[in-house]
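Novice: Numbering (full-length UniProt numbering), first residue to last: 1 to 245.
Starting off with a structure, shown below.
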């Protein structure tokens, strides 16, 4: 905890000065890496080459790894027990929210991983209950897309409900237009473009362009969901969680 607050204080100093002190405490940060005026509460941070973190960010997560020429922009809120791994020239832009609830509501390890030259642009919401992976040369474009890795299914009557968790996997050379919504457990393969305003509830397996489908009825209820999915066996988690794999 002391180390985290030490990082936070150093990040309020001019660019070059904190790098020197951070290295004294065993942090892997190069001379060319830059940290702006941000609050950063971390126990493990690695900044390689010309990586940088901009101004007025709040970053409180477990681990942060930035490869050469990757960056985090300005005014981002990053909070929760998860890791961030940014590949070479990848980026998290401005005013994004990346959040995960505390352990007990969540469980295990969660990672946001961006491949080479991939980008989360601006004003997006990423739920890191489970991991989110983006391959190389992939863009979450525009503004106000939402990526959800958990959701709920309620019984038709009474108080019963279950949580459905599933990681999001997005391949290489994928373009996601503005204002899209990902439901848990979706996988998108390589060389796919998704039009603005699309709702993604199932895997996209064929390269090409996809646009939003009409709203359709599904003959489904909570008991069907329980039979189809595997229940998480973890007594430390407060919800009844079923995994979408």
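Quick reminder that beta carbons are idealized off the backbone N, C-alpha and C, glycines included.
Could you have a look at residue 224 and say whether DSSP puts it in helix, strand or coil?
Specialist: Residue 224: helix per DSSP, three-state reduction.
Novice: From 169, 194, 89, 189, pick the residue whose C-alpha is nearest to that of residue 71; which is it?
Specialist: Considering only alpha carbons, the answer is 89.
Novice: How long is the line joining the alpha carbons of residue 201 and residue 23, rounded to whole angstroms?
Specialist: Between residue 201 and residue 23, the C-alpha separation is close to 45 Å.
Novice: What residue from 84, 120, 156, 112 has the CA that sits closest to residue 174's CA?
Specialist: Nearest of 84, 120, 156, 112 to residue 174, Cα basis: 120.
Novice: Does the distance from the C-beta atom of residue 212 to that of residue 198 stay below 8 Å?
Specialist: Yes, the pair counts as a contact, with Cβ atoms nearer than the cut-off.
Novice: Thinking residue 145 and residue 176 are a contact (beta carbons under 8 Å), I'd like their distance in whole angstroms, please.
Specialist: Yes, residue 145 and residue 176 are in contact; Cβ-Cβ is about 6 Å, under 8 Å.
Novice: My guess is that residue 112 and residue 82 are in contact by the Cβ rule of under 8 Å, so how many angstroms apart are they, rounded?
Specialist: Contact flag correct, Cβ pair sits at about 7 Å.
Novice: Could you name each continuous beta strand (DSSP E) segment of 3 residues or more that falls completely within the stretch 100-165, going from the start of the chain to the end?
Specialist: Correct list: 111-114, 119-122, 125-127, 132-134, 139-143, 150-154, 161-165.
Novice: Verify whether the separation of the beta carbon atoms of residue 63 and residue 79 is less than 8 Å.
Specialist: No, Cβ-Cβ distance for residue 63 and residue 79 is not below 8 Å.
Novice: Taking the C-alpha atoms as reference points, what is the distance between residue 115 and residue 77?
Specialist: When rounded, the distance between both Cα atoms is 21 Å.
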